[in-house]
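Structure, as structure tokens:
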Amino acid sequence: MQIEAEQPAEVTRVDTLIIGAGPAGLQLGYYLSRSSRSYLILEEGYGPGMFFRTFPRHRTLISINKVYTGYEDPEINQRWDWNSLLCDDPDLVFKAYSQEYFPSADDLVRYLGDFASRWQIAVRYRTRVERVSRDDQGFLVRAADGSWFRGDRLVVATGLSRPFHPEIPGLEHAEPYTTVSTDPQEFKNQRVLILGKGNSAFETADCLTSTAALIHVASPRPVKFAWKTHFVGHLRAVNNNFLDTYQLKSQNAILDGDVRSIERRPEGLAVSIHYSHAEEETETLFYDRVILCTGFRFDASIFDSSCAPALCIDDRFPDQTSAWESVNVPGMYFAGTLMQMRDFKKSTSGFIHGFRYNVRALARLIDSRAYGSPWPSKVVDGRPEGLARAILERVNQTPALWQLFGFLGEVFVLQGDERRATYYPELPLAHIRESIVDPSDEHVVLSLEFGPCPEDPFNIPRKPSPEAADQSTFLHPVVRHYQEGKQVGELHLLENLLGEWKSEELHVKPLVEFLVRCRERSVLARA
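The letter at position 467 of the sequence shown is residue 459 when you use the numbering used here, and the numbering goes up by one with no holes.
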């Protein structure tokens, strides 16, 4: 699409334009409001969180809501609250809206509406963006109602809104997840094929188990389980009852194979399946209905040629720098589930409990780049014992590193005066040396990470000694030491059943000894 010659008579101008009033748009709006920044959110729907008014189709979220944790600290409790947005009101949390461990999407919609009202987030509803262009004055947005908006920067928080449909001959005979009936009575005694092996596929299969004659769930690759990969977008236990019906021969099945074609015949829908693990066998099976549960992708259709973002990962996501900025359109950022391009299927940036911390970091980046505000920091005791206390205090409290394991980190810059170190919280690990830390700055980086998972995640041999902490499988702290931009030391702290790293012998002593060695390296480096 080319830039049109039309020039708007009136334009609403702000520093930051945000497209989408879902959880990410609201979270960013909150932080920009708190900093008194000029911004506006454009939302196509009549209220916030429109995606969750429809999805998931069967209305049960897979994001947990653990109300009773045994902890009083609200920050620690965020580790098991996967739906709340970050804010300064301790009463505006999702557990006030639902007591269910897997709550209803309708409760999330109510919560998001109250969040937007409570903080008076600047949203213009019923404003469908038709076109986005870019010129030397920034980004220009035209809405379907004829209104125009301009911003120095643009944040796209639209999520994955475009259904992905594979190229299969005869796909028009299939019904998409977005519109297929959720009434199991409409599937009585029918043979059903579900394409896809994500949570939407198994959510659908579970709904139909009591009424369908048989259900097959198919895709080229085997099922991946969240309990093994730690990626919560893989199959969750709440949706896996269907697997039991397959293994116990209750007329249902999981098929690994490519669907080559779908053809309507008198006896039903003839589906040609080329199996992945059956010596190149191809078989034609007959079904009454085929349902597409093959996921969503980023919709880039609103961008004209002046600012079309480069895409990646099979064109499912906009390609992004370590600051969530478009690699080819300066000033265009992405928020929310689109951020998962940076840790695709490795951590939790695709979900509220992950991207809420990313969005806070993005707000800080915008503050730094556009307004010259420094990244939050504080001076802590730089001596080994004091630095160990500061590190352990963080790992025993932080929800951000807990949720975004292996992705977010915290930095302690070591100064020449050993009594002082400067602490910077919650930075993307890939962005640390691009934003805060000069390559010449000596520093240690703290993160929480999983170790390699064995074949059976429920049968893990453990080595419960500090010397073997680098073989820990479960989530545990990792501290790395850098000099002149190069890693010169690494310490793993032993995993703990309760996620508490407080033992003098197992955690405090090994960390202090490691930090002593870090300071010794510092002395040698200056000699």
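Here a beta-carbon is modelled for each residue, glycine too, at the ideal position from N, C-alpha and C. Predicted, not measured: the structure shown is a model, and the values here were computed from it.
Delimiting residues of the alpha helix (DSSP H) encompassing residue i
i: H435; result: Here H435 belongs to no alpha helix (DSSP H); instead the beta strand (DSSP E) covers 435 to 441.
i: A97; result: 97 to 110
i: Q395; result: 392 to 395
i: Q182; result: Careful: Q182 lies outside any alpha helix (DSSP H) and carries neither H nor E.
i: H269; result: Looking at the DSSP string, H269 is not in any alpha helix (DSSP H), and its letter there is neither H nor E.
i: D83; result: It is not in any alpha helix (DSSP H) - D83 carries neither H nor E in the DSSP assignment.
i: V372; result: Where V372 is concerned, there is no enclosing alpha helix (DSSP H), although the beta strand (DSSP E) it sits in stretches over 370 to 373.
i: V351; result: 344 to 363
Where residue i sits in the DSSP three-state scheme
i: G162; result: coil
i: R289; result: strand
i: E459; result: helix
i: F466; result: coil
i: F309; result: strand
i: I(-5); result: Note that I(-5) has pLDDT 44, beneath the 50 cutoff, so the model's placement of it is unreliable and the number below is only indicative. It is coil, neither helix nor strand.
i: V263; result: strand
i: V215; result: coil
i: E167; result: strand
i: S253; result: strand
i: F404; result: strand
i: G21; result: helix
i: Q332; result: helix
i: V520; result: Shown here, the chain extends from -7 to 519; a query on residue 520 therefore has no answer.
i: D127; result: strand
i: A519; result: Since pLDDT at A519 reaches only 48, below the 50 mark, its modelled position is unreliable, and no value is offered.
i: E317; result: strand
i: S72; result: According to the sequence shown, residue 72 is Trp rather than Ser. In the structure shown, W72 sits in a helix (DSSP, three-state: H, G or I).
i: D7; result: strand
i: S28; result: coil
i: Q389; result: coil
i: H545; result: Residue 545 lies beyond the stretch modelled for the chain, which goes from -7 to 519, so this question has no answer here.
i: K478; result: strand
i: G323; result: coil
i: H521; result: The requested residue 521 does not occur in the structure, where the chain is confined to residues -7 to 519.
i: E426; result: helix
i: V508; result: helix
CB of residue i within 7 Å of CB of residue j, strictly
i: F399; j: S360; result: no
i: N75; j: L100; result: yes
i: F234; j: D198; result: yes
i: L206; j: Q239; result: no
i: S28; j: V6; result: no
i: A327; j: L20; result: yes
i: P376; j: V504; result: yes
i: P212; j: S268; result: yes
i: L77; j: F47; result: no
i: T506; j: L483; result: Note that residue 506 is Phe in the sequence shown, not Thr. It is a contact, given that the beta carbons lie within the stated cut-off.
i: I344; j: P15; result: yes
i: G249; j: H266; result: yes
i: T329; j: L53; result: no
i: Y227; j: V215; result: Tyr is not the amino acid found at residue 227; the sequence shown has Leu there. Against a cut-off of 7 Å, the Cβ pair of V215 and L227 comes out as a contact.
i: G346; j: Q395; result: yes
i: V405; j: D433; result: yes
i: H208; j: A245; result: yes
i: I33; j: V115; result: yes
Distance cut-off 6 Å: residue i Cβ against heavy atoms of the ligand PLP
i: G14; result: As for the ligand PLP, it is missing from this structure, which has no ligand bound.
Residue burial classification, residue i (beta-carbon count within 10 angstroms, cutoff 16)
i: F450; result: exposed
i: R334; result: buried
i: A380; result: buried
i: G12; result: buried
i: Y38; result: exposed
i: R118; result: exposed
i: G190; result: buried
i: K87; result: buried
i: Y23; result: buried
i: P469; result: buried
i: T274; result: exposed
i: N320; result: exposed
i: E(-4); result: Note that E(-4) scores 48 on pLDDT, short of 50, meaning its location in the model is unreliable and no value can be drawn from it.
i: R386; result: buried
i: E2; result: exposed
i: Q70; result: buried
Start and end residues, beta strand (DSSP E) containing residue i
i: P413; result: Contrary to the premise, residue 413 reads as Ala rather than Pro in this sequence. Here the beta strand (DSSP E) through A413 covers 412 to 420.
i: I113; result: Run containing I113: none; DSSP gives neither H nor E here.
i: I283; result: 281 to 284
Would you say the stretch 277 to 285 touches the stretch 176 to 188, given that touching needs at least three Cβ pairs under 8 Å? The count of Cβ pairs closer than 8 Å, one atom from the stretch 277 to 285 and one from the stretch 176 to 188, reaches three, so the stretches are in contact.
Pairing CB atoms from the stretch 435 to 452 with CB atoms from the stretch 344 to 356, are three or more of them under 8 Å? With contact defined as three or more Cβ pairs closer than 8 Å, the stretch 435 to 452 and the stretch 344 to 356 are not in contact.
Is the stretch 40 to 47 close to the stretch 120 to 139, with three or more CB pairs under 8 Å? Not touching, per the Cβ criterion.
Mind the definition here: the stretch 164 to 174 touches the stretch 296 to 315 only if three or more C-beta pairs lie below 8 Å; say whether that holds. The answer is no - the stretch 296 to 315 does not touch the stretch 164 to 174, with fewer than three Cβ pairs under 8 Å.
If you pair each beta-carbon of the stretch 365 to 376 with each one of the stretch 469 to 488, do three or more pairs fall below 8 Å? Not touching, per the Cβ criterion.
Is the stretch 493 to 509 touching the stretch 451 to 471, taking contact as three or more C-beta pairs under 8 Å? The stretch 493 to 509 vs the stretch 451 to 471: in contact.
contact_flag[the stretch 221 to 236, the stretch 141 to 151] where n(CB pairs < 8 Å) is 3 or more: Taking 8 Å as the limit for Cβ pairs, the verdict is that the stretch 141 to 151 does not touch the stretch 221 to 236.
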